[in-house]
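*Asks:* The following block contains the structure, expressed as structure tokens.
In this note's numbering, the protein residues as written are 1 to 92.
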């Protein structure tokens, strides 16, 4: 991708038991971060840091989503364990 080029649309399973579709979020800002695996030290710290700032991002109409290869069950356990307020997407 080039600077200012729009990302292509994609649909992917979400921890909220719905499908996340990029184009349905076109009227807001998005932080999409990719991480290797749930419950690893670095990935956990990253999710916790985004969680701490989540309300600030929301003030600017910005949603956060994380993507890893873990399945939805793993994501939901990770969300519960660390009280993550945003959805995680599964690219398994």
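Glycine is no exception: its CB is placed at the ideal position from the N, C-alpha and C atoms.
Spatial neighbours of residue 14 within its chain, please: C-beta separation below 6 Å, excluding the five flanking residues on both sides.
*Replies:* Once the five neighbours on either side are set aside, the close Cβ partners of residue 14 are 20, 87, 89.
*Asks:* What is the residue span of the beta strand (DSSP E) that residue 33 lies within?
*Replies:* Start and end: 29-34.
*Asks:* Output the distance between the C-alpha atoms of residue 92 and residue 18, rounded to the nearest integer angstrom.
*Replies:* Each residue's alpha carbon lies about 15 Å from the other.
*Asks:* Answer yes if the segment 34-44 comes into contact with the segment 69-82, meaning at least three C-beta pairs across the two stretches below 8 Å, and no otherwise.
*Replies:* Cβ pair count under 8 Å is three or more, so yes.
*Asks:* Would DSSP call residue 6 helix, strand or coil?
*Replies:* Coil, per DSSP.
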